[in-house]
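Residue numbers (our numbering): 1336 to 1491.
Here's the structure we're looking at; comments come further down.
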């Protein structure tokens, strides 16, 4: 995990927009994480990095297992880094392969990222910048639970 003032979103940053995020720094951090991937079976290393709402950069890599179903995607270790570092919400995310090319998170990882995203989180995807709501439309997560709980107050 890295914490740096350079990672802070600049004043032009606004939710749902890639403007004001140092995408080169996120991609470089994802590439550095990818270098640590444990991939003896697929030989397909993946690294991920994200900026939090507090300015921290968190990162992760994929970790394979001989029992393939136990393999952890890079996004899983990124979220572990987020939680171990004190939590927060993800505002910008990048994921790369062994060649440094942009990767799109799988469906499971999109849900995992949604759980820990700030509203309007932006992802660097193979088809350009997209918000979390664009890559997992109509998602279910903490915001929906909070809305439901709020609707139930006073209904006893």
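Heads up, the beta-carbon is just placed ideally off N, CA and C, and yes, glycines get one too.
In this text, all values refer to a predicted model and were calculated from it rather than measured experimentally.
Cβ shell of residue i (< 6 Å), same chain only, five flanking positions each side left out
i	result
residue 1433	1380
residue 1406	1399 and 1400
residue 1444	1408 and 1410
Residue i burial status per 10 Å Cβ neighbour count (16 or more: buried)
i	result
residue 1428	buried
residue 1440	buried
residue 1438	buried
residue 1480	exposed
residue 1462	exposed
residue 1490	exposed
residue 1365	buried
8 Å Cβ shell around residue i - same chain, five flanking residues per side excluded
i	result
residue 1415	1395
residue 1442	1471
residue 1403	1376
Residue range of the unbroken alpha helix (DSSP H) whose run includes residue i
i	result
residue 1412	1409-1419
residue 1391	Not the alpha helix (DSSP H): residue 1391 falls in the beta strand (DSSP E), residues 1391-1396.
residue 1364	1358-1369
Beta-carbon proximity check, residue i vs residue j, cutoff 9 Å
i	j	result
residue 1374	residue 1397	yes
residue 1393	residue 1420	yes
residue 1466	residue 1455	yes
residue 1453	residue 1388	yes
residue 1362	residue 1459	yes
residue 1409	residue 1367	no
Start-to-end residues for the beta strand (DSSP E) that takes in residue i
i	result
residue 1387	1381-1387
Residues near residue i by beta carbon distance below 7 Å, same chain, minus five either side
i	result
residue 1369	1380, 1381, 1382, 1396, 1431 and 1433
residue 1447	1410, 1411 and 1414
residue 1450	1476 and 1477
*Curious, which full-length beta strand (DSSP E) runs of at least 3 residues does the stretch 1429-1489 contain?*
Taken in chain order, the complete beta strand (DSSP E) segments of 3 or more residues contained in the stretch 1429-1489 are 1452-1460 and 1463-1466.
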